[in-house]
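A quick write-up on the structure given underneath.
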Amino acid sequence: MPDKRLLILAAVALAVAAAFMTVGLRGNIGFALELRAVRLLTLVQVGVAIAISTVVFQTVTANRVLTPQIMGLDALYLFGQMALVLTLGSVGFVALDPRLKFAGESVLMMAMALMLFLPMLRRRFDIGLLLLTGVVLGVLFRSLASLVARVIDPNEFAVVQGSSFADFNTVRPDLVVIGLIVTLVAGAIIWRLRHTLDIVALGADSATGLGVDWTRALAGLLLLVAALVAVSTALVGPVTFFGLLVVALAERIVDSRRHQLLLPAAMLTAIIVLLGGQIVLQHVLGGAATLGVVIEFVGGLVFLAMLITTSKR
Amino acid sequence: MIEIKNVSLRLGDTQILEDVSLTMPKGGLTALVGPNGAGKSSLLSLIARLQPLQSGSISVDGLAVDTTPSRRLAKTLAILRQDPAVASRLKVRELVGFGRFPHQRGRIDDNDLRLIEAALQQFGLTDLADRFLDHLSGGQRQRAMVAMAFCQGTDYMLLDEPLNNLDMMFARQLMRDLRAAADKDRRTVIVVLHDINHAAVYADRIVAMKDGRIVADGPPAEVLQPDVLAKVFGYEMDVIEVGGAPLVLHHR
Numbered sequence: 001m002p003d004k005r006l007l008i009l010a011a012v013a014l015a016v017a018a019a020f021m022t023v024g025l026r027g028n029i030g031f032a033l034e035l036r037a038v039r040l041l042t043l044v045q046v047g048v049a050i051a052i053s054t055v056v057f058q059t060v061t062a063n064r065v066l067t068p069q070i071m072g073l074d075a076l077y078l079f080g081q082m083a084l085v086l087t088l089g090s091v092g093f094v095a096l097d098p099r100l101k102f103a104g105e106s107v108l109m110m111a112m113a114l115m116l117f118l119p120m121l122r123r124r125f126d127i128g129l130l131l132l133t134g135v136v137l138g139v140l141f142r143s144l145a146s147l148v149a150r151v152i153d154p155n156e157f158a159v160v161q162g163s164s165f166a167d168f169n170t171v172r173p174d175l176v177v178i179g180l181i182v183t184l185v186a187g188a189i190i191w192r193l194r195h196t197l198d199i200v201a202l203g204a205d206s207a208t209g210l211g212v213d214w215t216r217a218l219a220g221l222l223l224l225v226a227a228l229v230a231v232s233t234a235l236v237g238p239v240t241f242f243g244l245l246v247v248a249l250a251e252r253i254v255d256s257r258r259h260q261l262l263l264p265a266a267m268l269t270a271i272i273v274l275l276g277g278q279i280v281l282q283h284v285l286g287g288a289a290t291l292g293v294v295i296e297f298v299g300g301l302v303f304l305a306m307l308i309t310t311s312k313r
Numbered sequence: 001m002i003e004i005k006n007v008s009l010r011l012g013d014t015q016i017l018e019d020v021s022l023t024m025p026k027g028g029l030t031a032l033v034g035p036n037g038a039g040k041s042s043l044l045s046l047i048a049r050l051q052p053l054q055s056g057s058i059s060v061d062g063l064a065v066d067t068t069p070s071r072r073l074a075k076t077l078a079i080l081r082q083d084p085a086v087a088s089r090l091k092v093r094e095l096v097g098f099g100r101f102p103h104q105r106g107r108i109d110d111n112d113l114r115l116i117e118a119a120l121q122q123f124g125l126t127d128l129a130d131r132f133l134d135h136l137s138g139g140q141r142q143r144a145m146v147a148m149a150f151c152q153g154t155d156y157m158l159l160d161e162p163l164n165n166l167d168m169m170f171a172r173q174l175m176r177d178l179r180a181a182a183d184k185d186r187r188t189v190i191v192v193l194h195d196i197n198h199a200a201v202y203a204d205r206i207v208a209m210k211d212g213r214i215v216a217d218g219p220p221a222e223v224l225q226p227d228v229l230a231k232v233f234g235y236e237m238d239v240i241e242v243g244g245a246p247l248v249l250h251h252r
């Protein structure tokens, strides 16, 4: 039985998507619609990828104020890009087939995420230590990326800089299809694992007692999270707090941490916030601010609020 | 049958368990007792494959715990840890329902629903079933965790200090329920107990541990002797007999 709150969310998401396609249409309708359709597809899959990767990551780490990005997973991706520019030069970097580049970077990132986190997980390290390591590594990769940025030619730097900030306006038609495939496959696998995720949320001991192979489950889930982060980072760049914002909102709406409810709710909330925010900024405020900045600002506030309320309890 | 052969465990510089061998036949209620840091919880978590085995071997019903798939073991063996972390935004009924996960992988059918309701009722949780776990008292939460372990419906149940946080009524009730599980359902129950008098009344067998070794093993009347107790716990205590069972005056 579909939950009533989910149905309402789905209806709102559809309405927002319809508004996104139609509000303020003028000029060559066919061309505008096509452009908007690609943007819609981009924003929807970015929203979905960030929402479900954040839910899964929070479940695995048993921490509700974390996103994969706070742990520096996207910094890993950016560092990969910087390293590519450094070795190939900006000409070579631009000339690379973007899909090939995306595939290579994603695989690299997944491999590194596993290499970094799995040894700690296998030896059942304390999750606090794991998080601390993640944060430190995130800083390390960000610093390395900026070091590379200083070393390279200013022209080459300009090429990389474009991909280092969140940008919801650029459309990447070349990456939309491959991103869509990754998001759909990862999303389907995570949806099939929704009951297992409920058990994983109980922690290592209880989950093992209930028959979950902890190390294997964690490795698989981390890989999926890494793939989804690669999609969103490749399409719009690093977004740190957006996932936190939508998952916290979705949890309020469905009042549950059961993945059967939370996963679709977080997805739909992400779509509504992204598309709705874009409409408001573009058509109501006349492009006064960029969506990336606004979302990060609000998300950051939510992050602080959650930190304060959890420490009070 | 649970067979533990020559199991040692070392964490850092500390020897937690030293060459422990123990056989527990199917059925009956065994109590593990001993002072803090004796290795009782470690032994339990090794049997339940929550920690990797360093040396020796452990098998439950002929299944080696270090090589058998976790999911297969979860149908044979349930474990309740001390102070388990509790996920937020989870209702009591949902948590108890998770006990059916090894059998159904999340698809709950009518039979599961019946078992869940029965477990809720058995542990006095029916009125609390739709409350969130983080809104309950420690004792109520403990009862919910025990109900989940019962709901798993395994032949073997390991419980690490299940009486923690329980008031006298529910502590007595839980020991009676464990006794009934051993007698009526032919389950094998192994329980770490701090209150030695609960062990005296309800256990078939008491295994006393100290410094990672087994120092006494036998029926309650045999183990609960002043000299044995002094060896295990490090001080003299009187033992009297009430209603056919030994009563240890450990608090005087």
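Chains as they are written, first to last, in UniProt numbering: chain X, 1 to 313; chain C, 1 to 252. Idealized CB from N, CA, C, for every residue including glycine. Only a predicted model underlies this, so the values are computations on that prediction, with no experimental measurement involved.
Asked: Could you please give the first and the last residue of the uninterrupted beta strand (DSSP E) stretch that includes D28/C?; Found: A quick correction: the sequence has Gly, not Asp, at residue 28/C. G28/C -> beta strand (DSSP E) spans 28-33.
Asked: For the alpha helix (DSSP H) that Q58/X lies in, which residues bound it at each end?; Found: 29-61
Asked: Roughly how many whole angstroms lie between the Cα atoms of A245/C and S206/X?; Found: 35 Å
Asked: If I measure Cβ to Cβ from D217/C and keep anything under 8 Å in the same chain, skipping five residues before and after, which residues do I get?; Found: L22, R205, I206, V207, A208, V223
Asked: So, with DSSP's three-state summary, where would you put N6/C?; Found: strand
Asked: For F98/C, which residues in the same chain have their Cβ closer than 7 Å to its Cβ, ignoring the five residues on either side in sequence?; Found: M148
Asked: Under 8 Å between the Cβ atoms of V96/C and L120/C?; Found: yes
Asked: With distances taken Cα to Cα, identify the nearest neighbour of K101/X among V85/X, F57/X, R36/X, D255/X.; Found: V85/X
Asked: Using a cut-off of 7 Å between C-beta atoms, extract the partners of V212/X located in chain C.; Found: S70
Asked: Quick check on D109/C: buried or exposed, where buried means 16 or more other Cβ atoms within 10 Å of its Cβ?; Found: exposed
Asked: Would R49/C pass as an interface residue toward chain D - the criterion being a Cβ-Cβ separation below 8 Å?; Found: This model lacks chain D altogether, as its protein chains are X and C.
Asked: Would you say H195/X lies against chain C (beta-carbon separation less than 8 Å)?; Found: yes
Asked: Which residues share a DSSP beta bridge with R205/C?; Found: T30/C
Asked: Contact between the segment 174-189 of chain X and the segment 45-59 of chain X: three or more CB pairs below 8 Å?; Found: yes
Asked: Within this structure, are the beta carbons of residue 257/C and L178/C separated by less than 8 Å?; Found: In the structure as shown, chain C starts at 1 and stops at 252, and residue 257/C therefore has no counterpart that could be examined.
Asked: Indicate the three-state DSSP secondary structure (helix, strand or coil) for T240/X in the structure shown.; Found: coil
Asked: Say the cut is 7 Å; is the CB of Q45/X nearer than that to a heavy atom of the ligand HEM?; Found: The ligand HEM is not among the ligands present in this structure, which contains no ligands whatsoever.
Asked: Nearest-angstrom Cα distance between D174/X and R99/X?; Found: 7 Å
Asked: Does the beta-carbon of S137/C have 16 or more other beta-carbons within 10 angstroms, so that it is buried, or is it exposed?; Found: exposed
Asked: Kindly give me the distance between the Cβ atoms of L29/C and A182/C, rounded to whole angstroms, as I take these residues to be in contact under 8 Å.; Found: 5 Å
Asked: If I measure Cβ to Cβ from L103/C and keep anything under 7 Å in the same chain, skipping five residues before and after, which residues do I get?; Found: Inspection of the sequence shows that residue 103/C is occupied by His rather than by Leu. Around H103/C: K75.
Asked: Is the separation between the beta-carbon of E105/X and that of A227/X shorter than 8 Å?; Found: no
Asked: Starting from V248/C and walking both ways along the beta strand (DSSP E), at which residues does that stretch end?; Found: 245-249
Asked: For Q81/X, does the count of other Cβ atoms within 10 angstroms reach 16, so buried, or fall short, so exposed?; Found: buried
Asked: Just to check my reading of the structure: V60/X and L210/X have Cβ atoms closer than 8 Å, yes? What is that Cβ distance to the nearest angstrom?; Found: Contact flag wrong, Cβ pair sits at about 16 Å.
Asked: Provide the residue span of the beta strand (DSSP E) that contains I199/X, from first to last.; Found: Run containing I199/X: none in the beta strand (DSSP E); it sits in the alpha helix (DSSP H), 194-200.
Asked: Taking Cβ positions, are L261/X and V254/X nearer each other than 8 Å?; Found: yes
Asked: Could you tell me the alpha carbon to alpha carbon distance between A219/X and M109/X, rounded to whole angstroms?; Found: 14 Å
Asked: State the start and end residues of the unbroken alpha helix (DSSP H) segment that holds Q152/C.; Found: From DSSP, Q152/C is part of no alpha helix (DSSP H); its letter is neither H nor E.
Asked: Going by beta carbon distance, what residues of the same chain come within less than 7 Å of R258/X, once the five residues before and after it are set aside?; Found: D198
Asked: Would you please verify whether the beta carbon of R5/X is less than 8 Å from any beta carbon of chain C?; Found: no
Asked: Is there contact here, the segment 12-27 of chain C with the segment 185-203 of chain C, by at least three beta-carbon pairs under 8 Å?; Found: yes
Asked: Rounded to whole angstroms, what is the Cα-Cα separation between Q282/X and A265/X?; Found: 25 Å
Asked: Would you kindly check if the distance between the Cβ of F242/X and the Cβ of I50/X is under 8 Å?; Found: yes
Asked: For I190/X and L268/X, what's the separation of their Cα atoms in angstroms?; Found: 16 Å
Asked: Classify L63/C as helix, strand or coil using the three-state DSSP reduction.; Found: strand
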